[in-house]
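This report refers to the structure that appears directly beneath it.
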Amino acid sequence: MPAYIDQSLEPFHKQIHIGNLPNDVNSKQITDIFDQFGIIIKLYLKHRMSKNSPTLLPSPFAILIFENREIVDKIMAKRPFFINDYQLFVRRCLPITRRYPYEGHTTTNKMLVRIPRENHNEILPNNNIITEYLKSTGGQIIRLEKLDEKASLVEFEDYDSVDICCLSRPHFINNQMIEIEKCADEQQARRRIQYRLKSRGIFKISPPQSTTIISPTLTLNNNEQVAQLQLIYRDTTNRFENEHEQLISSLQTEWEQIAKKRIRLQRLTLDYQQKQQRLKEENRQLKKLYNESLQEIYRMQNQRE
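Structure (structure tokens):
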């Protein structure tokens with residue numbers, strides 16, 4: 001199990017991530033667009049896979065850190081931004097935590113509002129109360145669907161409203177703790193709800209074995225259990241296939257970059273060899289001229305004598 005270090009939320013309120021940048025972008029082009037909104041404390045522009053890696057990223061990205069969170073709010077409200085013919089993808093930076101390790105790399109306008117797993121006996125407030133609470137994000141809700149008594153799906157018009165909710169944890173509605181998480185895959189979220197609902201129905205209480213001890217035994221319905229395991233297996237297989245495709249795509253991109261670099265080095269080597277041959281020829285000609293000059297000097301000295 002990976003060891004994630006929970007990052008504090010506070011610094012991320014002042015940061016934005018900028019993607020879909022041109023390959024030849026430089027820091028000045030980015031600064032010219034965003035310093036009108038406020039003071040930029042730091043700008044990180046990343047072109048390569050790692051600091052000393054020869055492999056270039058398919059698309060560079062930048063992270064900007066500002067003086068305060070109000071600047072970030074202004075920038076998000078003024079989207080879109082362009083450099084040349086590229087429309088920049090601007091979003092808020094999110095921390096990496098044990099509970100949500102992939103949230104910082106996921107962008108979606110959907111999220112789940114649910115009861116924390118440890119508070120399994122509680123139920124969600126009604127949709128009207130949830131809607132009223134979420135108005136503080138400033139975003140427009142286009143769908144709010146109650147999946148069961150413990151979870152609701154919320155879809156905003158813009159992905160930024162979801163990021164604001166993630167950066168505003170913890171959430172309390174009427175003094176009740178509520179969990180909010182991104183929903184990148186709505187169908188998978190619905191399947192999880194189905195598992196939970198089915199798991200409540202697949203337990204049967206057998207009658208007590210004696211009149212003095214009440215100890216009901218939980219037994220599983222085999223058909224329901226097999227169906228549940230099949231769904232879990234399909235979800236796991238799909239996840240591994242997606243990860244495999246992403247890995248292949250990443251390796252293919254890296255291989256293409258290496259191949260381009262190899263071709264470039266071959267051309268440079270050929271140019272160097274041609275230049276070396278030319279310099280050798282020039283050196284030979286200069287030596288010849290030098291020798292001829294010496295001979296001419298000796299001849300003139302002999303004539304004078």
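Under the UniProt record's numbering, think of the first position of the sequence shown as 1, with each following residue one higher.
Using N, Cα and C, we set each Cβ at its ideal position, and we do this for glycine too.
Return the Cβ separation of residue i and residue j in integer angstroms, given the expectation that the two are a contact with Cβ distance under 8 Å.
{"i": "residue 124", "j": "residue 149", "result": "6 Å"}
{"i": "residue 37", "j": "residue 16", "result": "Between residue 16 and residue 37 the Cβ distance is about 10 Å, and since that is not below 8 Å, they are no contact."}
{"i": "residue 182", "j": "residue 103", "result": "6 Å"}
{"i": "residue 57", "j": "residue 46", "result": "7 Å"}
{"i": "residue 20", "j": "residue 89", "result": "4 Å"}
{"i": "residue 107", "j": "residue 44", "result": "19 Å between Cβ atoms; not a contact."}
{"i": "residue 157", "j": "residue 127", "result": "Not a contact, Cβ separation roughly 17 Å."}
{"i": "residue 62", "j": "residue 96", "result": "Between residue 96 and residue 62 the Cβ distance is about 19 Å, and since that is not below 8 Å, they are no contact."}
{"i": "residue 147", "j": "residue 193", "result": "5 Å"}
{"i": "residue 251", "j": "residue 189", "result": "Actually they do not touch by this definition, with Cβ atoms about 30 Å apart."}
{"i": "residue 186", "j": "residue 231", "result": "Wrong, their Cβ atoms sit about 16 Å apart, outside the cutoff."}
In whole angstroms, give me the CA-to-CA distance for residue i and residue j.
{"i": "residue 195", "j": "residue 236", "result": "14 Å"}
{"i": "residue 277", "j": "residue 258", "result": "28 Å"}
{"i": "residue 268", "j": "residue 274", "result": "10 Å"}
{"i": "residue 309", "j": "residue 79", "result": "Beyond the ends of the chain as shown, which are 1 and 305, falls residue 309; an answer cannot be given."}
{"i": "residue 301", "j": "residue 293", "result": "12 Å"}
{"i": "residue 184", "j": "residue 261", "result": "36 Å"}
{"i": "residue 41", "j": "residue 12", "result": "13 Å"}
{"i": "residue 288", "j": "residue 49", "result": "52 Å"}
{"i": "residue 238", "j": "residue 133", "result": "35 Å"}
{"i": "residue 284", "j": "residue 271", "result": "20 Å"}
{"i": "residue 27", "j": "residue 167", "result": "27 Å"}
{"i": "residue 137", "j": "residue 266", "result": "55 Å"}
{"i": "residue 3", "j": "residue 74", "result": "The predicted position of residue 3 is uncertain, since its pLDDT is 43 and thus under 50; no value can be drawn from it."}
{"i": "residue 309", "j": "residue 256", "result": "Any property of residue 309 remains undetermined from this structure, which presents the chain solely from 1 to 305."}
In terms of residue numbering, what span does the alpha helix (DSSP H) encompassing residue i cover?
{"i": "residue 70", "result": "69-77"}
{"i": "residue 306", "result": "A query on residue 306 cannot be resolved here, the shown segment of the chain reaching from 1 to 305 and no further."}
{"i": "residue 30", "result": "27-34"}
{"i": "residue 167", "result": "159-167"}
Starting from the C-beta of residue i, find all residues in its chain whose C-beta is less than 6 Å away, skip the five residues before and the five after it, and write them out in chain order.
{"i": "residue 33", "result": "81"}
{"i": "residue 29", "result": "83"}
So who's on the other strand from residue i, going by DSSP bridges?
{"i": "residue 17", "result": "63, 91"}
{"i": "residue 114", "result": "151, 179"}
{"i": "residue 86", "result": "83"}
So, at 7 Å on beta carbons, what are the nonlocal neighbours of residue i in its own chain, with the 5 sequence-adjacent residues on each side left out?
{"i": "residue 163", "result": "91, 92, 94"}
{"i": "residue 131", "result": "141, 144"}
{"i": "residue 86", "result": "20, 21, 22"}
{"i": "residue 60", "result": "21, 23, 25, 45, 46, 47"}
{"i": "residue 100", "result": "181"}
{"i": "residue 191", "result": "231, 235"}
On the DSSP letters alone, give me the boundaries of the beta strand (DSSP E) that residue i sits inside.
{"i": "residue 172", "result": "171-173"}
{"i": "residue 124", "result": "Careful: residue 124 lies outside any beta strand (DSSP E) and carries neither H nor E."}
{"i": "residue 40", "result": "40-48"}
Within its chain, find whatever has a CB closer than 8 Å to the CB of residue i; leave out the 5 residues flanking it on each side and keep chain order.
{"i": "residue 172", "result": "178"}
{"i": "residue 39", "result": "66, 67, 71"}
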